[in-house]
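A.B. asks:
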Amino acid sequence: MNPYDFARIDWDRPPERRKPVWHHRLFGAGLPRLYSGRLELRLTARTPIFIPAYSLAAAGKAIRDPRKPEPFLQDGAGHYIIPGTSLKGLLRSLVETLGNGCLTLFDGNYEQEKTGERRFKAMYKDKVKPTFLHCENDTGLCISCRIFGSLKEGKRSVFMGKVNIGDAHADPETVVLYEPMYTKPLVEPKPHHRAFYLDEQERYIAGRKFYFHHDPSKEPLREGGYVYFTRAQPANRYIHPLDYDTVFYARLDFTNLERDELGALLLAIVLEEGMCHKIGYAKPLGLGSIALEPLRLELIDYARRYSLTSRGQAGREQLEGEALSQFIGELVGEFKREHLQRLAMEDLRRIWRWPPDPDVEYYYPDKAGWFDLPENARKRIAETRDSA
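With full-length UniProt numbering, letter number 206 in the sequence shown gets 206, and the count goes up by one each step, no holes.
See the structure below:
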């Protein structure tokens, strides 16, 4: 089956935009309760996981000895890490999806990894309602831009994000290297196959893309060596992932989040029971399934902390265990009742279900053997189940 599907967008419900609370407004008359603090997270790999130590372009230049696999990313001290930028991107995409944020994919500043994604943007921009495009004015931002920031060249929209995520460091006691592997080629998206990328009426794009989890009892998809489509560079990579059950720890700092913003952020972290996140390289091949777990939360009430009576000693609240679960449950439940994009959550539950369906094999359908067949021209992703 095709390794990805789309979380639908409710086109009758454009993003709710409002003026953000700026960073310097810690408290004051007329402001709602603001939440600041830090959250400690544990991340546990449920399948092998790989974060490249260098970019795809650099990887091609770096191939010298085919016996040496590309290493997992490490910091200057030699610790395996997942960059905070990767975690931030993961959480932002989820807030956009579940919180009905704007579509940054169709903004000129969006960072694409593949040429096919740029073609996809150009081909289908007219299949997006204008009200869903990237926020253009810092006086009216969607929930994802209020939390993570917004930068729009040539427009009055420069707003620094209110969330900072540090690199996640692997616990050395849990690190086990998976065996080096040659990946299958990660083919470009197929934007010409309209039935994948558009809704059934072909009015709008199908939604936001997410990759299915693979059965963790099965090995990731691989090749026996390098695969060449041209004589220049191989179409696949030789990598050295970390094994499942590797544990990482990270810290997330946030400032001046409104209640619904914190609820959206927490939902992006905890999801729902029976779901799991996906991150890193080679997600279509069965890598990158990872569980996020909040461990400790410190809330800082600056209104109390900097008051004349408290003199900086009060205004801190530590939550963990059952107290943390109750706090998260309250805010997430409130957000879901009032703001959840229900179509998207319905789809994401199916795509990111954990454990995944052990009877489904995922990989891109073959171009000549599937995409080029006339009878498949209008088939949708669900109809690729037996094509891999």
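Every residue gets a Cβ at the ideal spot worked out from N, C-alpha and C, and that includes glycine.
Taking the alpha helix (DSSP H) that Ser-144 belongs to, which residues open and close that run?
C.D. replies: Residue 144 sits at position 144 when you count from the first residue of the sequence shown. Ser-144 -> alpha helix (DSSP H) spans 143 to 148.
A.B. asks: Using DSSP with H/G/I as helix, E/B as strand and the rest coil, what is Met-345?
C.D. replies: By 1-based counting over the sequence shown, the position of residue 345 is 345. In this structure, Met-345 counts as helix in the three-state DSSP scheme.
A.B. asks: If Gly-329 sits next to Ile-9, beta carbons under 8 Å apart, how far is it from one beta carbon to the other, in whole angstroms?
C.D. replies: Within the sequence shown, numbered from 1, the residue matching residue 329 stands at position 329. Within the sequence shown, numbered from 1, the residue matching residue 9 stands at position 9. Contact flag wrong, Cβ pair sits at about 27 Å.
A.B. asks: On the criterion of 16 or more Cβ atoms from any shown chain inside 10 Å, does Arg-237 qualify as buried, or is it exposed?
C.D. replies: Within the sequence shown, numbered from 1, the residue matching residue 237 stands at position 237. Under this definition Arg-237 is a buried residue.
A.B. asks: Any chance the CB of Leu-43 is under 7 Å from a heavy atom of the ligand ZN?
C.D. replies: By its list of ligands, the structure shown contains no ligand whatsoever, and the ligand ZN lies outside what it can speak to.
A.B. asks: I'd like the span of the alpha helix (DSSP H) that includes Ser-86, first residue to last.
C.D. replies: Mapped onto the sequence shown, residue 86 falls at position 86. It spans 84 to 98 - the alpha helix (DSSP H) in which Ser-86 sits, taken as one unbroken run.
A.B. asks: Taking 8 Å as the threshold (C-beta atoms), are His-214 and Pro-356 in contact?
C.D. replies: Locating residue 356 in the sequence shown gives position 356, counting from the first residue. Locating residue 214 in the sequence shown gives position 214, counting from the first residue. Cβ atoms of Pro-356 and His-214: closer than 8 Å.
A.B. asks: Whose C-beta lies closer than 7 Å to the C-beta of Asn-376 among residues of the same chain, with five residues either side of it excluded?
C.D. replies: To locate residue 376, count along the sequence shown from 1; it is residue 376. Trp-370, listed in sequence order.
A.B. asks: Checking the sheet assignment: what are the DSSP bridge partners for Glu-338?
C.D. replies: Working through the sequence shown from its first residue, we reach residue 338 at position 338. Per DSSP, none; premise fails for Glu-338.
A.B. asks: For Met-160, does the count of other Cβ atoms within 10 angstroms reach 16, so buried, or fall short, so exposed?
C.D. replies: Sequence index remark: in the sequence shown, residue 160 carries index 160 (1-based). Met-160 is exposed by the Cβ-count criterion.
A.B. asks: Should the region 170 to 186 be regarded as contacting the region 198 to 206, the criterion being three or more beta carbon pairs within less than 8 Å?
C.D. replies: The answer is no - the region 198 to 206 does not touch the region 170 to 186, with fewer than three Cβ pairs under 8 Å.
A.B. asks: Use the C-beta contact count for Arg-18: other C-beta atoms within 10 angstroms, 16 or more gives buried, fewer gives exposed.
C.D. replies: Counted from its first residue, the sequence shown places residue 18 at position 18. Its Cβ having fewer than 16 others within 10 Å, Arg-18 is exposed.
A.B. asks: Taking Glu-320 as the reference, give the member of Pro-20, Arg-42, Glu-16, Pro-14 with the closest Cα.
C.D. replies: If you number the sequence shown from 1, residue 320 lands on position 320. Ranking Pro-20, Arg-42, Glu-16, Pro-14 by Cα distance to Glu-320 puts Arg-42 first.
A.B. asks: Taking 8 Å as the limit between beta carbons, can you name the residues of its chain near Leu-141, skipping five residues before and five after?
C.D. replies: Residue mapping note: residue 141 aligns to position 141 of the sequence shown, counting from 1. The residues are Arg-17, Arg-18, Lys-19, Pro-20, Cys-135, Ser-150, Ser-157, Phe-159.
A.B. asks: Under three-state DSSP, which class holds Thr-104?
C.D. replies: In the sequence shown, residue 104 corresponds to position 104, counting from 1. Of the three classes helix, strand and coil, the one that applies to Thr-104 here is helix, per DSSP.
A.B. asks: How big is the Cα-Cα spacing for Gln-341 and Phe-210?
C.D. replies: Position 341 of the sequence shown, counted from the first residue, corresponds to residue 341. Position 210 of the sequence shown, counted from the first residue, corresponds to residue 210. Cα-Cα distance, rounded: 16 Å.
A.B. asks: Please identify the residue among Tyr-362, Gln-233, Ala-303 whose C-alpha is closest to the C-alpha of Thr-255.
C.D. replies: Sequence index remark: in the sequence shown, residue 255 carries index 255 (1-based). Checking every option, the nearest Cα to that of Thr-255 belongs to Ala-303.
A.B. asks: Quick check: the region 87 to 100 against the region 250 to 267, are there 3 or more CB pairs under 8 Å?
C.D. replies: Yes, since at least three Cβ pairs between the region 87 to 100 and the region 250 to 267 fall closer than 8 Å, the two stretches touch.
A.B. asks: With DSSP as the reference, label Thr-47 as helix, strand or coil.
C.D. replies: Residue mapping note: residue 47 aligns to position 47 of the sequence shown, counting from 1. Thr-47: coil per DSSP, three-state reduction.
A.B. asks: Just tell me which of Glu-258, Leu-252, Pro-130 has its CA closest to the CA of Pro-32.
C.D. replies: If you number the sequence shown from 1, residue 32 lands on position 32. Here the closest residue by C-alpha is Glu-258.
A.B. asks: List the DSSP bridge partners of Phe-210.
C.D. replies: Numbered from its first residue, the sequence shown carries residue 210 at position 210. Phe-210 pairs with Asp-5.
A.B. asks: Apart from the five residues on each side of it in sequence, which residues of its chain come closer than 7 Å, Cβ to Cβ, to Asn-2?
C.D. replies: Position 2 of the sequence shown, counting from 1, holds the residue named residue 2. Hits under 7 Å: Tyr-364, Pro-365, Ile-381, Thr-384.
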